[in-house]
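Numbering (the numbering used here), first residue to last: 42 to 181.
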C-alpha cells in the first residue's frame, strides 16, 4: 500500500479549526481531574491542570501542546512531569491515540493512517510545563 501526505489547510483555517474553544471541547479541563482520580483515587491530589493548545503546522504535521499549569498550593516541579509523555501515550482516560485521530480528521478529513508522537516535557516557567504532541495523517 502506498501512502501520500495530505495537503494541510491554510494556517488561518487551521487556527480557526483548532480554536481554544474547539480544543477544550475535544479535551475538556475536567479530563485532568478524571486522570488524577484514576491515578491517585482523588482528583485533588493532582498538581496541575491540563489543557490542549494548537502550536502550528508544517511539513505535513500538526503540532499541539499539552500545557500543564500548576494548581494553587501544589508543586509542578515536584510532580515528576518528565516521565509523563509515556504515561500520556497509553493512559485510557487521556486517550491520546483517539484524540490524535480526531485532530487529524478535523484537519485532513478521512485519513486512513494517523500517527502521533509525544515529545519530552519542556519547562516554560516554574508553573508551566509543556508536552509537545505531533500528529501526522496520510491517505491511501
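Don't be surprised by glycine CBs; every beta carbon is placed ideally from N, CA and C.
Pick from the options that is closest to residue i, judged by C-alpha positions
| i | options | result |
| --- | --- | --- |
| residue 87 | 106, 116, 61 and 59 | 116 |
| residue 167 | 84, 75 and 113 | 113 |
| residue 110 | 170, 175 and 52 | 170 |
| residue 99 | 154, 178, 179 and 49 | 49 |
| residue 156 | 179, 173 and 85 | 179 |
| residue 84 | 56, 129 and 74 | 74 |
| residue 55 | 172, 145 and 154 | 145 |
| residue 95 | 65, 138 and 89 | 65 |
| residue 53 | 176, 92 and 97 | 97 |
| residue 158 | 108, 68, 93 and 102 | 102 |
| residue 68 | 90, 57 and 51 | 90 |
| residue 134 | 70, 177 and 104 | 70 |
| residue 174 | 92, 104 and 51 | 104 |
| residue 138 | 92, 172 and 176 | 176 |
Cross-strand partners of residue i (DSSP beta bridge)
| i | result |
| --- | --- |
| residue 158 | 175 |
| residue 92 | 108 |
With 16 other Cβ atoms within 10 Å as the buried cut-off, status of residue i
| i | result |
| --- | --- |
| residue 143 | exposed |
| residue 106 | buried |
| residue 119 | exposed |
| residue 140 | buried |
| residue 72 | buried |
| residue 121 | exposed |
| residue 131 | exposed |
| residue 148 | buried |
Local conformation of residue i per DSSP, three classes
| i | result |
| --- | --- |
| residue 48 | coil |
| residue 98 | strand |
| residue 166 | strand |
| residue 140 | helix |
| residue 103 | strand |
| residue 60 | coil |
Cutoff 9 angstroms: residue i Cβ touching any chain B Cβ
| i | result |
| --- | --- |
| residue 75 | Any reference to chain B falls outside this structure, which holds one protein chain only. |
Do the region 121 to 136 and the region 158 to 173 make contact, defined as three or more Cβ pairs closer than 8 angstroms?
yes
Is there contact here, the region 47 to 61 with the region 71 to 79, by at least three beta-carbon pairs under 8 angstroms?
no
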